[in-house]
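A.B. asks: Residue numbering for the sequence shown follows the working numbering, beginning at 63 and increasing consecutively. Here a beta-carbon is modelled for each residue, glycine too, at the ideal position from N, C-alpha and C. This structure is a prediction, so every number in the text was calculated from the model and none was measured.
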Amino acid sequence: IVVAALDRKSVLARPSGHSIHQSIMKPIAANIDLLVIVVAPKPELSATTLDAYLVIAQQLGITPLIVVNKSDLLADHPETLERLSIYKALSYDWIETSTLKRDKHDRPILDKFTEYLRNKTSVLVGQSGVGKSSLIRYVNPQAQARVGDLCEITNLGKHTTTGSRLYHLPTGGDLIDSPGIRRFGLWHLSEKNLAEGFIEFAPYLGHCQFRNCCHQNEVGCAIIQARDQGLIHPLRVQNFHELLNKHGSDI
Ligand code: GDP
Ligand code: ZN
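#1: Measure the C-alpha to C-alpha separation of I243 and Q189 and round it to an integer number of angstroms.
#2: Is it the case that the segment 226-239 contacts the segment 129-138, given that we only count it when at least three CB pairs across the two stretches are under 8 Å?
#3: Just to check, is the beta-carbon of S196 closer than 6 Å to a non-hydrogen atom of the ligand GDP?
#4: Report the three-state DSSP secondary structure of A92 (helix, strand or coil).
#5: Just the Cα atoms here: how many angstroms apart are L293 and V185?
#6: Could you pull out every unbroken alpha helix (DSSP H) segment of at least 4 residues lying fully inside the segment 105-183, listed in chain order?
#7: Is it the case that the segment 103-121 contacts the segment 255-269, given that we only count it when at least three CB pairs across the two stretches are under 8 Å?
#8: Can you tell me whether V201 is helix, strand or coil according to DSSP?
#9: Using the beta-carbon count (16 or more within 10 Å), is I286 buried or exposed?
#10: Take Y149 as the anchor and find which of T111, Y178, L96, D168 has the nearest alpha-carbon.
#11: Whose CB is closer than 6 Å to a heavy atom of the ligand ZN? List the residues in chain order.
#12: Buried or exposed: where does A284 fall if 16 or more other Cβ atoms within 10 Å of its Cβ makes it buried?
#13: Rounded to whole angstroms, what's the CA-CA distance from A92 to Q278? Just pull it up for me.
#14: Following the continuous beta strand (DSSP E) through R227, name the residue where it begins and the one where it ends.
#15: Tell me whether N274 is buried or exposed, calling it buried when 16 or more other Cβ atoms sit within 10 Å of its Cβ.
So this is what it looks like as structure tokens:
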């Protein structure tokens, strides 16, 4: 029995099913406090996934937390931290976790992760195989989240998550396990929204020579100038362009 419907402060939605009307959005979760974006050295970070989630978080007004899981593999993958240092420099909240490394009590080193989730409603997102199910099982031992094996040949994790699930955490708070990343598109975001989602662009937006500047190759583009002056990381501008081009398709 539904006894009350609370106001939605924020809603995470995706285009519904196989509808050709992409504007019909199906809500997945509402009133989310924290968007936990899980990445790992393996499977390798896709070029724009992290940027896309950070844009979504910014647009929905949800605080993002970047969780670098499988920190036990970081030593063998120095390129991962190098890539991710861009985001660290942007002052996003950031923690490293490992569900495999143990402390002296033989417990995984995940205390910070648990602390972040306490008394919040969080959504866990990230590529398949980065360790989301393993993290869920740690914070909620009762959870039956299936841990899939990473397919060694393709480095792609097998899909084990089919529908959204909400777990009540024993430490307080709720954790929502989202369906696969590809179902969240950036369809509903305008070009302007996309640029706003790149938080370090903010001081330069509105300062381009042309009001309708797309920040690609236009003369007098403040974003491109900032990049050329080393004020914005070139990879972020590149990813912005890539997302602009992908706009309307899966991320
Ligand atoms: P999901 O697809 O994001 O839910 O990922 P899973 O939780 O199913 O994990 C995918 C694979 O990564 C499994 O084989 C896990 O055992 C492994 N894994 C999870 N966490 C870690 C970790 O911290 N370190 C390492 N090396 N492997 C991990
Ligand atoms: Zn511009």
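C.D. replies: In terms of the structure at hand:
#1: Position 181 of the sequence shown, counted from the start, is the residue given in the question as residue 243. Position 127 of the sequence shown, counted from the start, is the residue given in the question as residue 189. For I243, the predicted model reports a pLDDT of 45, less than 50, meaning its position is unreliable; a value from the coordinates is still stated below. Rounded to whole angstroms, I243 to Q189 spans 6 Å at the Cα level.
#2: With a cut-off of 8 Å on Cβ pairs, the segment 129-138 is not in contact with the segment 226-239, counting fewer than three such pairs.
#3: Along the sequence shown, one-based indexing puts residue 196 at 134. S196: yes, Cβ under 6 Å from the ligand GDP.
#4: To locate residue 92, count along the sequence shown from 1; it is residue 30. Of the three classes helix, strand and coil, the one that applies to A92 here is strand, per DSSP.
#5: What you label residue 293 is simply residue 231 of the sequence shown in a count that begins at 1. What you label residue 185 is simply residue 123 of the sequence shown in a count that begins at 1. Approximately 32 Å, taken between the alpha carbons.
#6: Taken in chain order, the unbroken stretches of alpha helix (DSSP H) that lie wholly in the segment 105-183 and span 4 residues or more are 111-122, 140-151, 173-179.
#7: A contact between stretches requires three or more CB pairs, one per stretch, nearer than 8 Å, and the segment 255-269 meets this requirement with the segment 103-121.
#8: As a first step, residue 201 is located in the sequence shown; it is residue number 139 there, counting from the start. The three-state reading of DSSP puts V201 in helix, counting H, G and I together.
#9: Locating residue 286 in the sequence shown gives position 224, where the first residue counts as 1. By the neighbour-count criterion, in which a residue is buried when 16 or more other Cβ atoms sit within 10 angstroms of its Cβ, I286 is buried.
#10: Your numbering for residue 149 matches position 87 in the sequence shown. Looking at the Cα atoms, T111 is the closest of the given residues.
#11: After applying the 6 Å Cβ criterion, the set is C270, C275, H277, E280, C283, A284, I285.
#12: Taking the sequence shown and counting its residues from 1, one reaches residue 284 at position 222. Counting of Cβ neighbours within 10 angstroms places A284 among the buried residues, the total reaching 16 or more.
#13: Translated into positions along the sequence shown, residue 92 becomes position 30. Translated into positions along the sequence shown, residue 278 becomes position 216. Within the model, the alpha-carbon separation for A92 versus Q278 is close to 34 Å.
#14: Counted from its first residue, the sequence shown places residue 227 at position 165. Counting along the chain, the unbroken beta strand (DSSP E) around R227 starts and ends at 227-230.
#15: Indexing the sequence shown from 1 puts residue 274 at position 212. Exposed.
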